[in-house]
Amino acid sequence: MVTLLLAAIALHVSVAQVPIPSELPGYLIGHGTGDAKVQLETYIDPLCPFSKAAYEGIKTLADYYKPEEIRIKAVLFPLPFHQHSFTTAESVFTITSALGDNQFTPWLETLYENQERFENKATKNYSAMQVTNELKELAKNTFPALTDEQWDKGMTGYGTTEADQYARVTWKYACTRTVTEQERVEYKRKLRQTDEMNGLWMKNEQQSFEMTTIWGKQEMILISAAQLEITSPMLQATRGLATKAATGQWLASIPMGPADPILGLTDRFNKDTDPRKVSLGVGAYRDDNGKPFVLRSVLEAEKRIMAAGKNKEYAGIAGMKDFVDLSLEFAYGEDCEALKEGRITGVQTISGTGGVRLAGEFFSKFLGKNTPVYLPNPTWGNHIPIMKDAGMEVRRYTYYEPASRGLDFTGLMNDLQGAPDGSVFLLHACAHNPTGVDPTLEQWKSIADIMKAKQHVPFFDCAYQGFASGDASHDAAAVRFFVKEGHNVILSQSYAKNFGLYGERVGALSFVTDSKEEAERVQSQLKIIIRPMYSNPPIHGALIVSTILSDKQLKDQWYSECKGMADRIISMRTALRSAIEKIEKDNGVKANWRHITDQIGMFCYTGLTEAQVARMIEMHHIYLTKDGRVSMAGVTSKNVEYIAQSIAEVVQNA
């Protein structure tokens, strides 16, 4: 990777002791300071294939380190033998000047994706005006907010605009850096200065330059780091890293990652030999015998799929259209006006995790990296790393009130009001994980009102539709109300819990837009993100869901089975609460465990402390997460009394 970075683009790597001066032209990736672990100065030509290839290394590096640990200065270097690179460099300055520096990365990646469009036989003889017009079309499709006035300000002067001057200065700077720095290797041929490129650049055609790459016959010759005659400390350090990478030694320094808290809990449970052991950690439904449960409607759907002789061809990038259409109808309702008008677009995802990650990538690309996203406190543990890894800044909003073991509605509303206008808020559509605490419909209306007034972006994560209450329409009430009130809802759906398709990874992500044309543009961009991420989703689970939702008999059967699962969970809540309260009453303890039955869905936020949870595991062999969350699916008529006794004991003694 490091070799590629050294060889494919003109690249500077420094250690923290040799900071990059702040006055350099270019764009920052990461927000590290002079003490950042890794600092790069990289020269980029949007039309250079080698620059495009090396950019993947830059992205990998940026993704590996935290934003505060890395400081990458990307300097435009439009190379003269790429016919239109100077014009594309101008477009970078134009767009970032109009929309902000956070659009540098999205536009650069768009140019890389369309590189052949501007560097082929047909376009090689285009005039600057022709290239500018094609770039404008691409820019308008990529950035709908970009106005003609903003584009024309930078791009129609042909030598007289600020964008033109910037491109010349940055090109001059990139070249002069190669002359003045000691750590460069000798440039093997002279660059012939053209009238077009003179600008502010020194007009000495005999000048030879030093660069970190070697050129020949207008093509880059890839060389290894070991071949470079490097004496400077900063590039010697880089060569050492490259050598270590080439020999595979770098793997020896990879640290052991921490175990997933929930899956680690399962490992401990599996190794426990105590016959009393109970698993209340993993969020997967179990029947009253504690066994995994496959819905009969799912088995019947699979039989029909096999009988129909379905093939195993790839789904499209956006997934199976029938599945997506049925998912939208399932979530938004058959009578949804936005759906009828074609204003809702969706794609198939790799269950809920994939949907949330895809949304995060979309936010990061079009709202900008490090854009804040507000998550409830607490929330599903995976929400946080998903959003961080997508490049978003995670902030929290008030949700749970420990004293009442219910919703802190006042705190929630205050945080909605206090957040900057237009903020992204992730909302649990129903059966909040981990608390099981949902707003009432009246509270949802108040939340919708303030979010509309503040122009916040409502992003719903819906993992339990039908499973929460046993009524799929009731569980979708908040989402449908927001859409009815005119919100541009973003919705991630999962079919893991409600259809029992945990291992099939079935889900959907949808956007409610203002027009059919807007919906089409959103989907086009989702597909661009999906293609290099996982190309296309698996089909088997989607076929199962489509078969069920498209057949009245199977759909009715599924509704009945889903209600049966929800009813069993509800009955176990009642049984657990009653058992605990009876034990404590018999022991002369007056306590209120009403929150167990007030909460909804698969999880119960018991209110147990970490010390009490530790005692539950060590003494009673009952496994639950350290925040006191219990998966009610693990509670059965056979173990509910033992669980209640154990809870009462740890509350009394821990």
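Here the sequence shown stands for residues -16 to -1, 1 to 638, numbered as in mature numbering (1 follows the signal peptide of the UniProt record, and there is no 0). Here a beta-carbon is modelled for each residue, glycine too, at the ideal position from N, C-alpha and C.
**Message:** Let's see if you can read the secondary structure: which residues bound the beta strand (DSSP E) around residue 56?
**Reply:** To locate residue 56, count along the sequence shown from 1; it is residue 72. Looking at the DSSP string, the run of the beta strand (DSSP E) that includes residue 56 is 54 to 60.
- Task: Using the DSSP secondary-structure output, state which residues sit across from residue 303 in a beta bridge.
- Result: For the purposes of this step, residue 303 is taken as the residue at position 319 of the sequence shown. According to DSSP, which records beta bridges pairwise, residue 303 is partnered with 300.
Extent of the continuous alpha helix (DSSP H) to which residue 563 belongs:
Position 579 of the sequence shown, counted from the start, is the residue given in the question as residue 563. Residue 563 -> alpha helix (DSSP H) spans 536 to 570.
Alpha carbon to alpha carbon, what distance is there between residue 583 and residue 400? Here residue 400 refers to the residue found at position 416 when the sequence shown is read from its first residue. Here residue 583 refers to the residue found at position 599 when the sequence shown is read from its first residue. Rounded to whole angstroms, residue 400 to residue 583 spans 23 angstroms at the Cα level.
Task: Contact set for residue 53: own chain, Cβ-Cβ below 7 angstroms, skip 5 residues either direction - done: Here the question's residue 53 lines up with position 69 in the sequence shown. Excluding positions up to five away in sequence, the list reads 16, 20, 21, 22.
### Query
For the 8 angstroms Cβ check, are there 3 or more pairs between the segment 339 to 350 and the segment 299 to 315?
no
Legend entry - Anticipated Cβ contact below 8 angstroms, residue 447 with residue 417, distance rounded: By 1-based counting over the sequence shown, the position of residue 447 is 463. By 1-based counting over the sequence shown, the position of residue 417 is 433. Residue 447 to residue 417, Cβ: 7 angstroms. Contact.
Since residue 444 contacts residue 586 with CB under 8 angstroms, what's their CB separation in whole angstroms? In the sequence shown, residue 444 corresponds to position 460, counting from 1. In the sequence shown, residue 586 corresponds to position 602, counting from 1. So it is not a contact: roughly 17 angstroms between Cβ atoms.
- Would you be able to state if there are at least three C-beta pairs under 8 angstroms between the segment 606 to 622 and the segment 548 to 556? yes
Which partner residues of residue 494 appear in the DSSP bridge assignment?
Counted from its first residue, the sequence shown places residue 494 at position 510. BP columns for residue 494 point to 330, 475.
- Message: For a test of the three-state rule: what should DSSP assign to residue 405, helix, strand or coil?
- Response: Working through the sequence shown from its first residue, we reach residue 405 at position 421. The answer is coil: DSSP assigns residue 405 none of H, G, I, E or B.
| Excluding five sequence neighbours on each side, which residues of the same chain lie with their C-beta closer than 6 angstroms to the C-beta of residue 260? | For the purposes of this step, residue 260 is taken as residue 276 along the sequence shown, with counting starting at 1. So the list reads 605, once near-sequence residues are dropped.
| Which one or two residues does DSSP pair with residue 265 in a beta bridge? | Residue numbering aside, residue 265 sits at position 281 when the sequence shown is read from its first letter. BP columns for residue 265 are empty, so no partner.
* To do: Taking only the alpha-carbon atoms, compute the straight-line gap between residue 421 and residue 473 and give it to the nearest angstrom.
  => If you number the sequence shown from 1, residue 421 lands on position 437. If you number the sequence shown from 1, residue 473 lands on position 489. C-alpha separation (whole angstroms): 21 angstroms.
Checklist entry - Where does residue 425 land, buried or exposed, given buried means 16+ other C-beta within 10 angstroms? => result Taking the first residue of the sequence shown as 1, we reach residue 425 at position 441. By the neighbour-count rule (16 or more Cβ atoms within 10 Å), residue 425 is not buried but exposed.
- request: Go ahead and label residue 44 buried or exposed: buried means 16 or more other beta carbons lie within 10 angstroms of its beta carbon, across all protein chains shown.
  value: Position 60 of the sequence shown, counted from the first residue, corresponds to residue 44. Exposed, because fewer than 16 other Cβ atoms sit within 10 Å of the Cβ of residue 44.
| query | Can at least three beta-carbon pairs, one atom from the segment 408 to 415 and one from the segment 497 to 515, be found at a separation below 8 angstroms? | reply | no
Practice prompt. Pick helix, strand or coil for residue 248, following the three-state DSSP scheme.
Written response: Stepping through the sequence shown from its first residue, residue 248 is reached at position 264. Reduced to three states, the DSSP call for residue 248 is helix.
Next item on the list: Buried or exposed for residue 435, please, with buried defined as at least 16 other CB atoms from any protein chain shown within 10 angstroms of its CB.
Entry: For the purposes of this step, residue 435 is taken as the residue at position 451 of the sequence shown. It counts as buried.
* Asked: Are the CB atoms of residue 304 and residue 523 nearer to each other than 8 angstroms?
  -> Within the sequence shown, the letter at position 320 stands for residue 304. Within the sequence shown, the letter at position 539 stands for residue 523. Contact flag set, yes.
For this session: Could you give the DSSP three-state label for residue 340: helix, strand or coil?
Result: As a first step, residue 340 is located in the sequence shown; it is residue number 356 there, counting from the start. If DSSP states are grouped into helix, strand and coil, residue 340 belongs with the helices.
Integer-rounded CB distance, given that residue 91 should sit under 8 angstroms from residue 115: One-based indexing of the sequence shown puts residue 115 at position 131. One-based indexing of the sequence shown puts residue 91 at position 107. Not a contact, Cβ separation roughly 15 angstroms.
Do the segment 461 to 470 and the segment 257 to 273 make contact, defined as three or more Cβ pairs closer than 8 angstroms? no
inquiry  = If I measure Cβ to Cβ from residue 271 and keep anything under 7 angstroms in the same chain, skipping five residues before and after, which residues do I get?
reply    = Looking up residue 271 in the sequence shown gives position 287. Once the five neighbours on either side are set aside, the close Cβ partners of residue 271 are 277.
query: Any idea if residue 235 is buried or exposed, counting beta-carbon neighbours within 10 angstroms, 16 or more meaning buried?
result: For the purposes of this step, residue 235 is identified with residue 251 of the sequence shown, where counting begins at 1. So residue 235 counts as exposed.
message = By the DSSP assignment, the alpha helix (DSSP H) with residue 23 in it spans what residues?
response = Locating residue 23 in the sequence shown gives position 39, counting from the first residue. Here residue 23 belongs to no alpha helix (DSSP H); instead the beta strand (DSSP E) covers 22 to 28.
What is the DSSP secondary structure of residue 288, reduced to helix, strand or coil? Locating residue 288 in the sequence shown gives position 304, counting from the first residue. Looking at residue 288 - three-state DSSP - the assignment turns out to be helix.
Using a 10 Å radius around the Cβ and a threshold of 16 neighbouring Cβ atoms, would you call residue 441 buried or exposed? Here the question's residue 441 lines up with position 457 in the sequence shown. Residue 441 should be labelled buried.
**OP:** Identify, in the order they occur along the chain, each residue of the same chain with its Cβ nearer than 7 angstroms to the Cβ of residue 124, setting aside the five sequence neighbours on each side.
**Re:** Here residue 124 is taken as the residue at index 140 of the sequence shown, counted from 1. The answer, listed in chain order, is 130.
*Residue range of the beta strand (DSSP E) that includes residue 445*: Start at 1 with the first residue of the sequence shown, and residue 445 comes out as number 461. Residues 441 to 446.
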